[in-house]
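Chemist: Start counting the sequence shown at 125; every next residue gets the next number (our numbering).
Each residue gets a CB set at the ideal place from its N, CA and C atoms; glycine is no exception.
Every value quoted in this text rests on a predicted model; they were computed, and no experiment measured them.
One structure is given below, represented as structure tokens, and several questions about it will come after.
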Amino acid sequence: MKILVVGGGGREHALCWTLAASPLCHKLFCAPGNAGIAEDAECVPIAAEDIDGLVDFVQREAIDYVVVGPEAPLVLGLVDRLTEAGVKAFGPTAAAAELEGSKGFTKDLCAKYDIPTGAYGRFTEAEAAKAYVREQGAPIVVKADGLAAGKGVTVAMTEQEAIDAIDAAMAGGAFGEAGAELVIEAYLDGEEASFFALVDGDFALPLATAQDHKRVFDGDEGPNTGGMGAYSPAPVMTEALIEETMARIIRPTVAGMKAEGRAFKGVLFAGLMITAEGPQLIEYNVRFGDPECQVILMRLMSDLLPALIACSDGVLSSFDLRWYEEAALSVVMAAKGYPGSYRKDTVIAGLDAAEGNSDDIKIFHAGTKQGEDGELLSNGGRVLGVTAMAPGIAEAQALAYTAVDKIDWAEGFCRRDIGWRAINRNAID
């Protein structure tokens with residue numbers, strides 16, 4: 125098969141690395157790709173949001189299958205356009221991608237189909253939003269309704285912090301059109317987990333569990349980011365909790381979306397809070413998480429491609445996936461200043477030394493490009509995902525940070541405590 129992966133981040137590098145190993149894959153392209161992806165696929169300079177350009181390329185190259193990585197082209201209807209052109213694709217239609225494209229839509233779906241989530245209100249007027257905050261009190265969560273690259277959420281510990289977040293979104297335009305409507309919801313107390321399931325419109329197949337680290341600094345301090353590291357499996361997700369999540373959250377969502385005429389096909393990514401009352405949905409994403417994708421695919425023993433095609437074809441119920449027992453952990457190296465302003469085009473070296481000849485270490489590129497002189501340059505906020513696999517989380521953590529310390533990048537930084545919850549839990553157990 126000739127396959128196109130759409131996107132150019134760490135998630136897409138992990139997808140390309142995995143799909144390139146499939147015996148079904150004859151030729152692999154990635155648009156736009158990055159310097160690391162270029163080792164596994166032919167990169168083509170088409171932006172992920174350039175729907176017309178992507179459809180033209182797919183038709184010109186007679187691509188057999190398209191795997192859409194990021195959320196933006198899904199929300200823009202890339203899968204719809206490809207389907208109209210007679211090309212199979214992995215990912216939801218624009219109507220189904222509303223699960224990520226509008227947080228308010230998801231909350232309303234949860235209310236209608238009795239899916240456990242925090243109490244909420246939807247607002248298009250700042251004063252009404254502020255009145256709701258004063259009525260509910262703090263802590264409280266303020267979210268931009270639309271896509272905000274993982275940065276549209278404020279967990280406000282005081283009412284004033286929530287009011288400032290409302291002003292920043294609605295008066296200050298901090299998130300553009302995405303912040304024109306806000307969802308304000310109850311603060312949920314517990315431990316977060318990332319839960320993924322492949323879906324074919326009717327059937328959902330859970331994937332390996334994972335846990336992300338959203339805050340930029342050690343100890344879960346500082347602003348939210350797109351993710352500073354992840355590990356798999358997540359010990360918080362016991363077999364009982366996995367089944368409860370499937371029964372109370374995932375399956376009702378799949379059934380509800382079909383009932384609404386928005387049948388979901390692709391990967392459903394539930395951000396969960398494990399509370400004293402059980403798992404509750406924080407939000408949905410309609411694509412693989414980044415960096416969760418890296419640790420999940422590191423542990424995948426099966427060929428991914430047939431499972432993705434089964435989602436498109438509606439025959440996922442006949443599939444099962446096998447996983448390595450080992451744990452995987454990924455440390456994100458980001459440009460200094462992220463998630464605020466940062467420099468691009470800074471030189472990175474030492475990646476070969478960091479990976480060595482070990483199959484247990486893989487560096488996924490999230491924001492890199494090749495310089496004119498052949499050097500590796502930074503090209504984003506989150507730049508590398510240093511990923512390791514070992515018998516346990518603690519061993520994988522040690523292996524990942526040993527690799528991090530071999531990378532020569534003066535303008536980079538990382539958290540030094542990725543995996544701390546799992547390691548502490550295991551120490552207590």
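How big is the Cα-Cα spacing for K530 and V456?
Modeler: Computed Cα separation, rounded: 14 Å.
Chemist: E136 and Y408: beta carbons closer than 7 Å?
Modeler: Contact flag unset, no.
Chemist: Classify M294 as helix, strand or coil using the three-state DSSP reduction.
Modeler: Residue state, collapsed to three classes: helix.
Chemist: According to DSSP, is D324 part of a helix, a strand, or is it coil?
Modeler: Reduced to three states, the DSSP call for D324 is strand.
Chemist: Any contact of the segment 345-363 with the segment 303-312, i.e. 3+ C-beta pairs under 8 Å?
Modeler: These segments do not touch.
Chemist: For V277, which of V266, I287 and R205 has the nearest alpha-carbon?
Modeler: Nearest C-alpha to V277: V266.
Chemist: For E496, does the three-state DSSP call read helix, strand or coil?
Modeler: If DSSP states are grouped into helix, strand and coil, E496 belongs with coil.
Chemist: In the DSSP assignment, find the beta strand (DSSP E) that holds F153 and state where it starts and stops.
Modeler: That run of the beta strand (DSSP E) goes K151 to P156.
Chemist: Could you check whether A546 and Y355 sit closer than 7 Å to each other, using their CB atoms as the reference points?
Modeler: Yes, these two residues count as a Cβ contact at 7 Å.
Chemist: When you compare only the Cα positions, how much space is there between A424 and W447?
Modeler: According to the sequence displayed, residue 424 carries Leu and not Ala. In a straight line, the C-alpha of L424 is about 5 Å away from that of W447.
Chemist: Which of the three DSSP states is assigned to F214 in this structure?
Modeler: In this structure, F214 counts as strand in the three-state DSSP scheme.
Chemist: What do you reckon, are the CB atoms on A451 and G516 nearer than 7 Å?
Modeler: Yes, Cβ-Cβ distance for A451 and G516 is below 7 Å.
Chemist: Which residues share a DSSP beta bridge with A354?
Modeler: According to DSSP, A354 bridges with D336 and S454.
Chemist: Assuming the contact rule is C-beta atoms closer than 8 Å, Y311 and I239 should be a hit. Round their C-beta distance to whole Å, please.
Modeler: About 18 Å separates the two Cβ atoms, so there is no contact after all.
Chemist: Suppose only complete runs of 4+ residues qualify. What are the alpha helix (DSSP H) ranges in the segment 386-447, listed by chain order?
Modeler: Taking only runs of at least 4 residues, the alpha helix (DSSP H) segments lying wholly in the segment 386-447 are 416-423 and 428-437.
Chemist: Confirm, please, whether the CB-CB distance from I487 to V510 is below 7 Å.
Modeler: Result yes, Cβ atoms of V510 and I487 sit closer than 7 Å.
Chemist: At a threshold of 6 Å, does T248 count as lining the ligand PLP (C-beta to nearest heavy atom)?
Modeler: Looking at this structure, you won't find the ligand PLP or any other ligand, since it has none at all.
Chemist: Determine the closest residue to F327 out of G343, T248, A165 and L440, with distance taken between C-alpha atoms.
Modeler: With distances taken between Cα atoms, F327 lies closest to L440.
Chemist: Out of E249, S454, T248 and D532, which one is the CA nearest neighbour of W544?
Modeler: Closest by alpha carbon: S454.
Chemist: With H, G and I counted as helix, E and B as strand and the rest as coil, what does DSSP make of I175?
Modeler: Helix at I175.
Chemist: Would L445 pass as a contact of S146 if the rule is Cβ separation under 7 Å?
Modeler: Against a cut-off of 7 Å, the Cβ pair of S146 and L445 comes out as no contact.
Chemist: Residue range of the beta strand (DSSP E) that T282 falls in?
Modeler: Run containing T282: none; DSSP gives neither H nor E here.
Chemist: Where does F299 fall in DSSP's three states?
Modeler: It is coil, neither helix nor strand.
Chemist: Among all the DSSP beta bridges, which residues are the ones paired with K231?
Modeler: BP columns for K231 are empty, so no partner.
Chemist: Thinking C-alpha only, which one of G474, Y256 and E535 is nearest A527?
Modeler: Checked all of G474, Y256 and E535; the closest Cα to A527 is G474.
Chemist: Keeping to the same chain, check which residues put their C-beta closer than 6 Å to that of E315; ignore five residues upstream and five downstream.
Modeler: Hits under 6 Å: V360 and I398.
Chemist: Since C167 contacts I175 with CB under 8 Å, what's their CB separation in whole angstroms?
Modeler: Between I175 and C167 the Cβ distance is about 19 Å, and since that is not below 8 Å, they are no contact.
Chemist: Less than 7 Å between the C-beta atoms of A592 and H489, yes or no?
Modeler: Lying outside 125 to 553, the shown extent of the chain, residue 592 is not represented and no answer is given.
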